[in-house]
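One structure is given below, encoded as structure tokens.
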Ligand SMILES: Nc1nc2c(c(=O)[nH]1)N(C=O)[C@@H](CNc1ccc(C(=O)N[C@@H](CCC(=O)O)C(=O)O)cc1)CN2
Ligand SMILES: Nc1nc2c(ncn2[C@@H]2O[C@H](COP(=O)(O)OP(=O)(O)OP(=O)(O)O)[C@@H](O)[C@H]2O)c(=O)[nH]1
């Protein structure tokens, strides 16, 4: 099933680089290449076997000007990334060669690929399912190697296989029901309802098991929004630096903002902590005012985790207590820093002020207690539910919703079975569940939804 248009896009990131790649996919790929490529050793690209890289020059057929010296590969469908004919032109890196070659192939009849269109074609042509296509994007966007592992796992079909297995079970139940609707028999019916209930409960349990991985999966993929809070001089920056040093972290300035919101991503045993901080606020002396500043308020409200730092060598101040008041409904880890100095904080009083919060004594200066902090974060994230990150199968909010909707249908189905409702009612619920789960693999996903999903991809993917 070939799409009509041959599409083209720059596949590599913009900017200075060793090599840049322009990729084409579709029936006319080779035809277009033929018009603009002059191989060094042969007369035509067709003289070469597919999947062999070929040296030559891209020449503008209108002006006969050399556009660049390149290596090209053509791959014959259907055994390619998109399952269509694919051509990749490896030119010199940098903005000019890729842009000129893209312009040239567009002039020769290729269409500019939409975001995610190569991967969309791989999906539409049946090479991968929807959750695998989404995994490609997660791979590109991964911020830690654990996040990457989870996405690669999904690309390999870990989630798809689970979902397919559940949908298979659902079909069996549906077949069972159909037989009973078509050949109703009172004697068998008693038995059937019992078996039906058991089978349905088993399916529900499988859905629940998948849903249990969603909490961890989301964090591994998107990171834990974290705010470090504490009055001036308690050691916030020191803690950040200490964590950064241990994590070989990826530091990013979020582009498009006025430099004042800085987000740093720290990897704590593979868990990405997205630490947002507002640079300007650091200069304000007044802690209450700090929290009052709109932006820090926002990041505080949004935070999944608050790390609150106290200075163990100073008695609790009003500022400390004002921060504590705001922590009640927040997942918080309390750090008593500077424990290398004489401790003057009354631990019992502190525990009373911070009911239910974990309090960890540390000394950033002497590098003590940081491992306890890291362990605490790891435990919080995994919640004792998922043991290894490989088991985090659900990482995507869309998949989670589909599972939740499927779960509700299944629960309604079981309820209908228990109330002894007619099989037609049960059938509807189970069918609904089957359809919801099909949205994960893309079997029952609407056109609109597909457009929405792929439009969030990178250009050239
Ligand atoms: N140059 C280049 N590098 C790349 C990609 C690419 O498209 N081009 N990829 C893009 O993301 C990734 C590799 N992913 C790919 C996945 C499947 C196929 C593919 O041709 N699959 C066929 C044939 C397999 C075979 O028989 O050898 C298939 O599954 O039918 C190619 C690349 C990473 N590196
Ligand atoms: N003795 C001791 N000093 C520490 C420790 N951690 C940090 N400090 C020192 O405390 C001072 C303040 O540390 P910072 O990390 O700048 O504190 P901060 O909370 O970021 O300060 P502000 O940016 O003003 O809010 C520095 O001189 C650090 O060297 C510790 O565990 N023990």
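In UniProt numbering, the protein residues as written are 1 to 461. All C-beta atoms, glycine included, are put in the ideal place defined by N, C-alpha and C. Since this is a predicted model, take the numbers as computed values, not measurements.
Heavy atom of ligand 1 within 7 Å of residue i beta-carbon
i: residue 6; result: no
i: residue 156; result: no
i: residue 136; result: yes
i: residue 445; result: no
i: residue 54; result: no
i: residue 75; result: yes
i: residue 84; result: no
i: residue 127; result: yes
i: residue 88; result: yes
i: residue 80; result: yes
Limits of the beta strand (DSSP E) - the one that residue i falls within
i: residue 51; result: It is not in any beta strand (DSSP E) - residue 51 carries neither H nor E in the DSSP assignment.
i: residue 401; result: Premise fails: residue 401 lies in the alpha helix (DSSP H), 397 to 418, not in any beta strand (DSSP E).
i: residue 367; result: Looking at the DSSP string, residue 367 is not in any beta strand (DSSP E), and its letter there is neither H nor E.
i: residue 347; result: No beta strand (DSSP E) holds residue 347; the alpha helix (DSSP H) holding it covers 347 to 353.
One or two residues paired with residue i in a DSSP bridge
i: residue 226; result: 275 and 305
i: residue 324; result: Answer by DSSP bridge pairing: none, since residue 324 is not bridged.
i: residue 358; result: 333
i: residue 458; result: None, per the DSSP bridge assignment.
i: residue 68; result: 58
i: residue 88; result: 23 and 73
i: residue 14; result: The partner list for residue 14 (beta bridge, DSSP) is empty, contrary to what the question assumes.
i: residue 112; result: 8
i: residue 311; result: 337
i: residue 363; result: 368
Closest Cα partner of residue i within the set the options
i: residue 146; options: 103, 216 and 198; result: 216
i: residue 72; options: 63, 313, 30 and 208; result: 30
i: residue 395; options: 121, 424 and 210; result: 210
i: residue 76; options: 341, 69 and 51; result: 51
i: residue 58; options: 155, 208, 101 and 314; result: 101
i: residue 67; options: 97, 304, 54 and 42; result: 97
i: residue 129; options: 456, 460 and 437; result: 437
i: residue 83; options: 412, 27, 152 and 273; result: 27
i: residue 469; options: 123, 11 and 415; result: Outside the shown range of the chain, which is 1 to 461, sits residue 469, and nothing can be said about it.
i: residue 95; options: 419, 327 and 15; result: 15
i: residue 20; options: 62, 55 and 89; result: 89
i: residue 228; options: 341, 330, 352 and 172; result: 330
heavy atom of ligand 2 below 7 Å from residue i C-beta
i: residue 340; result: yes
i: residue 470; result: Nothing can be reported for residue 470, as the shown portion of the chain is limited to 1 through 461.
i: residue 442; result: no
i: residue 364; result: yes
i: residue 299; result: no
i: residue 343; result: no
i: residue 396; result: no
i: residue 432; result: no
i: residue 317; result: no
Cβ of residue i within 8 Å of any chain D Cβ
i: residue 453; result: The structure shown has no chain D; it contains just one protein chain.
Residue i: first and last residue of the uninterrupted alpha helix (DSSP H) it sits in
i: residue 379; result: 370 to 382
i: residue 431; result: 423 to 441
i: residue 147; result: 145 to 155
i: residue 37; result: It is not in any alpha helix (DSSP H) - residue 37 instead sits in the beta strand (DSSP E) that spans 37 to 39.
i: residue 183; result: First-last for residue 183: undefined, no H or E at that position.
i: residue 128; result: Counting along the chain, residue 128 falls outside any alpha helix (DSSP H), and DSSP gives it neither H nor E.
i: residue 394; result: First-last for residue 394: undefined, no H or E at that position.
i: residue 100; result: 95 to 107
CB-CB length for residue i against residue j, believed under 8 Å
i: residue 336; j: residue 307; result: Rounded, the Cβ-Cβ distance is 12 Å, inconsistent with contact.
i: residue 8; j: residue 112; result: 7 Å
i: residue 220; j: residue 150; result: 5 Å
i: residue 428; j: residue 417; result: That belief does not hold up - the Cβ atoms of residue 428 and residue 417 are roughly 12 Å apart, past 8 Å.
i: residue 87; j: residue 33; result: 5 Å
i: residue 405; j: residue 239; result: Rounded, the Cβ-Cβ distance is 42 Å, inconsistent with contact.
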